[in-house]
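Chemist: This is the structure, below, for whatever I ask next.
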Amino acid sequence: MKRQPSKLQIKGFIQNSLLDWDGKIVSTLYTPYCNFKCPFCHNGEIVLNPQKLETIPFRVIEDYLKNNKKWVDGVCITGGEPCIYKDLPQFIAKIKKLGILVKLDTNGGFPIMLKDIIVKKQVDYIAMDIKAPLDLASYLQSIGIKNETVLENVKKSIKLIMGSDIDYEFRTTVVPSLHNEKDIEEIAKFIKGAKKYALQNFSAQGEMLYPKFKDVKPYHIEILHRMQRIASTYVKECVVRGG
Ligand code: SF4
4 MKRQPSKLQI
14 KGFIQNSLLD
24 WDGKIVSTLY
34 TPYCNFKCPF
44 CHNGEIVLNP
54 QKLETIPFRV
64 IEDYLKNNKK
74 WVDGVCITGG
84 EPCIYKDLPQ
94 FIAKIKKLGI
104 LVKLDTNGGF
114 PIMLKDIIVK
124 KQVDYIAMDI
134 KAPLDLASYL
144 QSIGIKNETV
154 LENVKKSIKL
164 IMGSDIDYEF
174 RTTVVPSLHN
184 EKDIEEIAKF
194 IKGAKKYALQ
204 NFSAQGEMLY
214 PKFKDVKPYH
224 IEILHRMQRI
234 ASTYVKECVV
244 RGG
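Note that the sequence shown covers residues 4 to 246 in my numbering.
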């Protein structure tokens with residue numbers, strides 16, 4: 004990972020989004036850098052070169068939320084990977100002080116931070132990515148780095164989330180060259196009994212981390228629905244996004 008700021012910064016601010024928290028209108032905040040380098044990532048600039056992006060002062064975010072609290076339900080903190088920052092809990096506390104809901108997006112690579120946030124009940128919703136079936140070879144292939152401790156951390160995070168009383172979802176971006184029906188079934192089996200599992204269709208839009216993924220065509224939506232039927236036999240709810 005390139006040198007990153009020790010303090011959490013915001014490098015992207017979408018004032019209103021209907022896509023980042025099912026059923027809610029949220030403001031979405033992007034933190035820079037990530038411990039993974041998923042080849043299909045479409046946030047290349049945020050992950051690799053966030054120094055080129057303007058840092059949004061907290062005051063700007065705070066003013067917007069205060070002035071629009073009537074209809075903005077909450078804030079989605081995403082990245083990059085927000086959990087790489089030690090001051091994430093303090094940042095969340097500042098948002099919560101505004102009396103607004105908070106959703107955290109994470110790749111599950113930092114179970115100690117996640118546990119801290121869960122124990123303090125700091126967030127109202129957690130969305131955790133599961134990038135591949137939970138075996139080392141598949142996982143490392145999907146996250147683009149060679150760090151063998153990652154898988155154990157991801158498994159710990161899944162356990163923490165499923166054992167918590169915070170609302171949550173797991174989600175997989177389904178990429179044709181990386182995932183097939185069997186893989187989705189393996190993931191669903193691993194999270195058997197989970198409240199919600201979202202299958203997100205791959206999209207080559209945005210700043211791809213690996214330009215060759217620009218040419219990958221997403222699965223036909225019917226294949227996603229087939230995967231949904233398979234996963235639904237293991238989890239309480241499985242949804243399909245994108246298409
Ligand atoms: S897709 Fe992968 S590399 Fe991109 S932000 Fe998410 S976890 Fe990080």
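The C-beta atom is built at its ideal place from N, Cα and C for all residues, glycine as well.
Just so you know, these numbers come straight off a predicted model, no measurement behind them.
Alpha carbon to alpha carbon, what distance is there between Leu202 and Gln231?
Modeler: One-based indexing of the sequence shown puts residue 231 at position 228. One-based indexing of the sequence shown puts residue 202 at position 199. Distance between the alpha carbons of Gln231 and Leu202 is about 7 Å.
Chemist: Can you tell me which of Lys185, Ser9, Val238 puts its alpha carbon nearest to the alpha carbon of Asp255?
Modeler: For the chain, the structure presents residues 4 to 246; residue 255 sits outside this window and is missing.
Chemist: On a Cα-Cα basis, can you pick out the residue from Ile103, Ile190, Tyr88 that is closest to Leu11?
Modeler: On the sequence shown, residue 11 is found 8 positions in, with the first residue counted as 1. Answer by Cα proximity: Tyr88.
Chemist: Mapping DSSP to helix, strand and coil, what is Asn156?
Modeler: In the sequence shown, residue 156 corresponds to position 153, counting from 1. Asn156 falls in the helix class under three-state DSSP.
Chemist: Run the CB neighbour count on His223, radius 10 Å, all protein chains shown included, and call it buried at 16 or more, exposed below.
Modeler: Your numbering for residue 223 matches position 220 in the sequence shown. Result: exposed.
Chemist: In the DSSP output, what is Gln125 paired with across the bridge?
Modeler: Position 122 of the sequence shown, counted from the start, is the residue given in the question as residue 125. In DSSP, Gln125 forms no bridge with anything.
Chemist: For Asp23, which residues of its own chain have a beta-carbon under 6 Å away from its beta-carbon, when the five flanking residues on both sides are left out?
Modeler: Translated into positions along the sequence shown, residue 23 becomes position 20. Answer for Asp23: Val29, Thr31, Cys79, listed in chain order.
Chemist: With contact counted as at least three CB pairs below 8 Å, one residue from each stretch, are the stretch 63-77 and the stretch 107-125 in contact?
Modeler: no
Chemist: So is the beta-carbon of Ile17 under 8 Å away from any non-hydrogen atom of ligand 1?
Modeler: Sequence index remark: in the sequence shown, residue 17 carries index 14 (1-based). No - ligand 1 has no heavy atom lying nearer than 8 Å to the Cβ of Ile17.
Chemist: In whole angstroms, give me the CA-to-CA distance for Gly111 and Asn70.
Modeler: Position 108 of the sequence shown, counted from the start, is the residue given in the question as residue 111. Position 67 of the sequence shown, counted from the start, is the residue given in the question as residue 70. When rounded, the distance between both Cα atoms is 33 Å.
Chemist: What residue range is occupied by the uninterrupted beta strand (DSSP E) comprising Glu172?
Modeler: Along the sequence shown, one-based indexing puts residue 172 at 169. Where Glu172 is concerned, the enclosing beta strand (DSSP E) stretches over 170-177.
Chemist: Using only alpha-carbon positions, find the residue among Ile98, Ala96, Val126, Gln93 that is nearest to Asp108.
Modeler: The residue given as residue 108 occupies position 105 in the sequence shown. Out of Ile98, Ala96, Val126, Gln93, Val126 has the C-alpha closest to the C-alpha of Asp108.
Chemist: Go ahead and label Glu240 buried or exposed: buried means 16 or more other beta carbons lie within 10 angstroms of its beta carbon, across all protein chains shown.
Modeler: Walking along the sequence shown from the start, residue 240 turns up at place 237. Glu240 should be labelled exposed.
Chemist: Three-state secondary structure (DSSP) at Ser9?
Modeler: Locating residue 9 in the sequence shown gives position 6, where the first residue counts as 1. Here Ser9 sits in coil by DSSP.
Chemist: By alpha-carbon positions, which one of Asn150, Ile146, Ile194, Gln208 ends up nearest to Tyr171?
Modeler: By 1-based counting over the sequence shown, the position of residue 171 is 168. Of the candidates Asn150, Ile146, Ile194, Gln208, the one whose C-alpha sits nearest the C-alpha of Tyr171 is Ile194.
Chemist: Within 10 Å of its beta-carbon, does Gly26 have 16 or more other beta-carbons around it, so buried, or fewer, so exposed?
Modeler: As a position in the sequence shown, residue 26 is number 23, starting the count at 1. By the Cβ-count criterion, Gly26 is exposed, with fewer than 16 other Cβ atoms from all chains shown falling within 10 Å of its own Cβ.
Chemist: Can you tell me whether Val50 sits near ligand 1, meaning its C-beta is under 8 Å from at least one heavy atom of the ligand?
Modeler: The sequence position of residue 50 within the sequence shown is 47, counting from 1. Checking every heavy atom of ligand 1 against the Cβ of Val50, one is found closer than 8 Å.
Chemist: Is Lys159 near ligand 1 - that is, is its Cβ less than 8 Å away from at least one heavy atom of it?
Modeler: The count along the sequence shown starts at 1 and reaches residue 159 at position 156. Flag unset: Cβ of Lys159 not near ligand 1.
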